[in-house]
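Chemist: Everything in the sequence shown is counted per full-length UniProt numbering, starting at 1 for the first residue and increasing by one.
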Amino acid sequence: MLELIQRHGYSGTGLNTVVEHAGAPKGSLYFHFPQGKEALGAKAVELAATRFGSLVADSARGSATPGEVVRRVIDELAGMLDGSDFQLGCPVSVVTLEMGAQSERLRDACAQAFESWIEPVSDLISASGRPRPVARALATAVVSMVEGAVIVSRAQRSTEPLYCAAQAIAVLLDQSAEASA
């Protein structure tokens, strides 16, 4: 479901397509997700959150500064976009835009996903010396900028918006570091 949402959106992904893509019997879908597509969508958003969280954690290994971590993450995202011919995007933003006003369950899943990315980025920024409220605000801005850059990159079929976001984020984080020093 996750890859299908990335390619076709939540609304464009039917349960028959999910079953066919998974190569599983239809009954197993309803056994594991008796509440149907909405429950499966929430689980896909949760999986996307976990994968992106792992990407951030892997990128932070070593003595990387927050700016370096963001550059590493953006390099991975740019590779994913380019490698998929700009077909794969962030399933969390897709579900948020399509279903956030219609399904409280999916909106909550998306909000939790974004929070699961903001919090570790905030921790990383805070560990580099920023006060906690400043780190939280910067982390929220970073996640928002990266998400927006992925969308613009898909629309323009170019990784340039992602790399522009990386440059802006580095400036933002560097200026914040100088201000708190």
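Ideal Cβ positions, reconstructed from N, Cα and C, are used throughout, including at glycine.
Three or more C-beta pairs under 8 Å: does that hold for the stretch 73 to 93 against the stretch 143 to 156?
Modeler: Yes, the stretch 73 to 93 touches the stretch 143 to 156.
Chemist: Rounded to whole angstroms, what is the Cα-Cα separation between Gln35 and Gly27?
Modeler: Indexing the sequence shown from 1 puts residue 35 at position 35. Indexing the sequence shown from 1 puts residue 27 at position 27. So the two alpha carbons sit approximately 13 Å from each other.
Chemist: Do the CB positions of Ala49 and Ala135 come within less than 7 Å of each other?
Modeler: Start at 1 with the first residue of the sequence shown, and residue 49 comes out as number 49. Start at 1 with the first residue of the sequence shown, and residue 135 comes out as number 135. Contact: no.
Chemist: Spatial neighbours of Leu55 within its chain, please: C-beta separation below 7 Å, excluding the five flanking residues on both sides.
Modeler: Here the question's residue 55 lines up with position 55 in the sequence shown. Around Leu55: Val73 and Glu76.
Chemist: Less than 8 Å between the CB atoms is what I'm expecting for Leu162 and Val150, so what's the real figure, rounded?
Modeler: Position 162 of the sequence shown, counted from the first residue, corresponds to residue 162. Position 150 of the sequence shown, counted from the first residue, corresponds to residue 150. Confirmed, about 7 Å.
Chemist: State buried or exposed for Ala127, treating a residue as buried only when at least 16 other CB atoms are found within 10 Å of its CB.
Modeler: Within the sequence shown, numbered from 1, the residue matching residue 127 stands at position 127. Result: exposed.
Chemist: Tell me whether the beta-carbon of Thr140 lies closer than 7 Å to the beta-carbon of Ile118.
Modeler: As a first step, residue 140 must be located in the sequence shown, where it is residue number 140. As a first step, residue 118 must be located in the sequence shown, where it is residue number 118. Yes, the Cβ-Cβ distance between Thr140 and Ile118 is below 7 Å.
Chemist: Classify Gln167 as helix, strand or coil using the three-state DSSP reduction.
Modeler: Here the question's residue 167 lines up with position 167 in the sequence shown. Helix, per DSSP.
Chemist: Going by DSSP in three states, Arg130 sits in which element: helix, strand or coil?
Modeler: Along the sequence shown, read from residue 1 onward, the residue named residue 130 stands at position 130. It is coil, neither helix nor strand.
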